[in-house]
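Count along the sequence shown starting at 1, add 29, and that's the number in the working numbering.
A virtual CB, placed ideally from N, CA and C, is assigned to each residue, including glycine.
Quantities reported herein were computed from a predicted structural model and do not represent experimental measurements.
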Amino acid sequence: MDETQIRGIVEQVLKKMMQGEIKLAPGAAQSIEPPAPKPAAAVVRGRGIFETVDQAVKASEEAFRALNSSTLEQRAAIIAAIRKWGKENAREIAERTIRETGMGRIEDKLNKMFSSSERTPGIEDLGIRAWSGDYGLTTEEMAPYGVIAAVTPSTHPVPTLINNAISMIAAGNAVVFAPHPASKNVFKYAIDLLNDAIMKAGGPENLIATVVEPAIEATQELFHHPGTRLLVVTGGPGVVKAAMQVPKKVIAAGPGNPPVVVDETADIRQAASDIIEGGSFDNNILCIGEKEVFVVGSVFDLFMREMTLQGMTLLDPRQIEALTKEAFLSGKGGEPLLNRELVGRNASVLAERIGLKISDDVRLLFGETGPDHPFVMEEQMMPFIPIVRAPDVKRAIDLALAAEGQRYHTALIHSRNIANMHEMARRSNTTIFVKNGSCLAGLGIGGEGTLSFTIATPTGEGVTTARTFTRCRRCTLKRYFHIV
Ligand code: NAD
């Protein structure tokens, strides 16, 4: 894929996203260039932003009571306001996020803002169940928990805020967020303005809240605060483990390391194109993003050629070795430790570290490695995809499952052999399994189904929606209202 084609695709995505009532910030539609660095205006206080965890939780309890005594119509109006705000502020938030975190690509950040605003289900997701018979009528309705403590990652702070806020408020809850400290300014900026939008739509103040100085200690305090009923964590293994030690209900969206198998029956051109789309999206910081590829030997060379033809940069073994030294530091026990400086950086930045000059428009580096390589086994979140040669599909699936490492997150296959697809789907046992598409299809972006940036893997709720954040309550009426 050349530069013009890539830009053509981006323009198409933007055009699609901007249909309907959507308005972008001035100048948003004209340029997809990364913004020139300028100092971020730090917002340290504002609507929904508190000095202490206790103040934030108490204000949220109040907001919950107000929401709980209002109508479903009111909830729907709040959600419509959040969606509108997300789309109208997409460009501003995307730029601020890149400036603050240094991770990702502007066009993909815009995509995440629009996707989370438009595609997160609202109150229609709640539904009810009812039984009517000789003995009367029983209904089951989905009730809120109260105040939720929600931890968000640095990789998509505001899209996760929008996605969680829509789902959790649709379910009738108030939320205190614990954003990653590396994204706190853009997060607080969004909390302030979103609360304003919620209040203008008739919602209570402080329906979403946070603290001035988010830090691990504050998150721990939030977890243990008697006012928080449910913990929802989206992040890496450390925070998942920390939440699971708290004696409260936890919904945990943990790390992934999604492997891809390409077998001899696959449409190789399409497979390469899908892997590029998913693996390069926002510089591979999505937890569902393609992280390593296992290609059957008979089509290996063809696949590698196709990746080059589509504009990606092939690294030779010496260059891969040099990049590995840059990308992984050595942990206490000599284990590879991710160099956070390179997480989510452009392919050109990675290339520069090994003395290679490439255009900023190149979305992905790739190259052949062995199956035990750190780039294969670690969740690396960088736009370099290791490609492993496998003698046959059985071995490719074995190696893919070893790399997935029982995170039960996401796995993918490109194949036209139903038996191979079935075998990998069953054995991988992942929360999301995609056949013949990019990982984005698994989240309803260019695929069917709902979207969430909180995919509950270790606790098993899957792609979360409003219903996930509810308690089921049954109400029985004896003798009456079986009216037929
Ligand atoms: P991270 O684990 O570094 O941070 C996540 C959050 O946890 C932050 O708010 C951080 O402050 C907090 N935290 C970390 N350790 C903690 C502890 N001991 N106690 C309390 N809070 C703690 O993650 P990140 O780098 O921001 O995000 C990337 C990770 O998140 C990847 O592993 C990715 O796969 C995962 N992720 C998963 C999903 C999903 O839906 N399953 C979605 C997005 C990201």
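At a cut-off of 8 Å, would you count residue i as near ligand 1, judging by its Cβ distance to the nearest heavy atom?
i, result
"V268", "yes"
"G285", "yes"
"S196", "no"
"L315", "yes"
"P365", "no"
"F482", "yes"
"F462", "no"
"S457", "no"
"H185", "yes"
"Q249", "yes"
"V180", "yes"
"H209", "yes"
"V391", "no"
"T497", "no"
"I220", "no"
"V596", "The question about residue 596 has no answer, for the chain in this structure spans 30 to 513."
"I407", "With the sequence shown as reference, residue 407 is identified as Glu, and Ile is not the correct amino acid for it. E407 Cβ: outside cutoff for every heavy atom of ligand 1."
"M273", "no"
"H438", "yes"
"P243", "yes"
"F252", "yes"
Residue j and residue i - do their beta-carbons sit closer together than 9 Å?
i, j, result
"P150", "S196", "yes"
"I198", "S146", "no"
"N118", "I474", "no"
"A203", "V261", "no"
"I227", "I107", "yes"
"F79", "T239", "yes"
"V372", "P400", "no"
"R158", "D311", "no"
"I383", "A429", "no"
"N214", "R436", "no"
"E335", "A301", "yes"
"I442", "D345", "no"
"M406", "A432", "yes"
"G471", "I314", "no"
"L385", "F413", "no"
"V279", "T488", "yes"
"R374", "M142", "no"
Quick check on the DSSP output: the beta strand (DSSP E) that includes residue i runs from which residue to which?
i, result
"E136", "Unbroken run through E136 is the alpha helix (DSSP H), 135-148; no beta strand (DSSP E)."
"K507", "499-507"
"R418", "413-419"
"K464", "461-464"
"F206", "203-208"
"M171", "165-173"
"I157", "157-162"
"V240", "237-240"
"I305", "No beta strand (DSSP E) contains I305, which is instead part of the alpha helix (DSSP H) from 297-309."
Specify, as a first and last residue, the run of the alpha helix (DSSP H) that residue i falls within.
i, result
"T9", "The chain is shown from 30 up to 513; residue 9 falls before or after that span and cannot be answered."
"R120", "119-130"
"F216", "213-229"
"K361", "Run containing K361: none; DSSP gives neither H nor E here."
"H451", "447-457"
"L515", "Outside the displayed span of the chain (30 to 513) sits residue 515, for which this structure offers no information."
"L394", "Careful: L394 lies outside any alpha helix (DSSP H), inside the beta strand (DSSP E) at 394-397."
"P288", "Taken as a continuous stretch (DSSP letters only), P288 belongs to no alpha helix (DSSP H), being part of the beta strand (DSSP E) at 288-291."
"A272", "266-273"
"A425", "422-433"
"V187", "186-199"
Restricting to Cα atoms, I'd like to know which of the options is closest to residue i.
i, options, result
"L236", "I304, E335, L222", "L222"
"T126", "M171, S212, P173", "S212"
"P173", "N214, T257, E129", "T257"
"Q267", "P243, P284, L366", "A quick correction: the sequence has Gly, not Gln, at residue 267. Of P243, P284, L366, the residue nearest in Cα terms is P284."
"V492", "G360, D83, F462, R334", "F462"
"M171", "R298, S327, E153", "E153"
"L251", "Y218, P208, P415", "P208"
"S444", "D163, F323, T130, E90", "F323"
"V513", "Q103, G165, G77, Q84", "G165"
"P186", "N449, V279, P210", "P210"
"V391", "S161, I447, T398, S377", "S377"
"W114", "R94, A230, A85", "A230"
"F404", "K354, N449, A295, A281", "K354"
"L155", "T499, Y509, H511", "T499"
"Q339", "T248, G201, R298", "R298"
"L379", "G362, G360, Q348, K361", "Q348"
"H451", "I426, N97, F206", "I426"
Measuring only between beta-carbons, confirm whether residue i sits less than 9 Å from chain B.
i, result
"K217", "In the displayed structure, chain B is absent; only one protein chain is listed."
Start-end ranges of the alpha helix (DSSP H) lying completely within the stretch 314-339, minimum 4 residues: 329-338
Ordered list of alpha helix (DSSP H) runs contained in the stretch 76-126, each at least 4 residues: 82-97, 101-117
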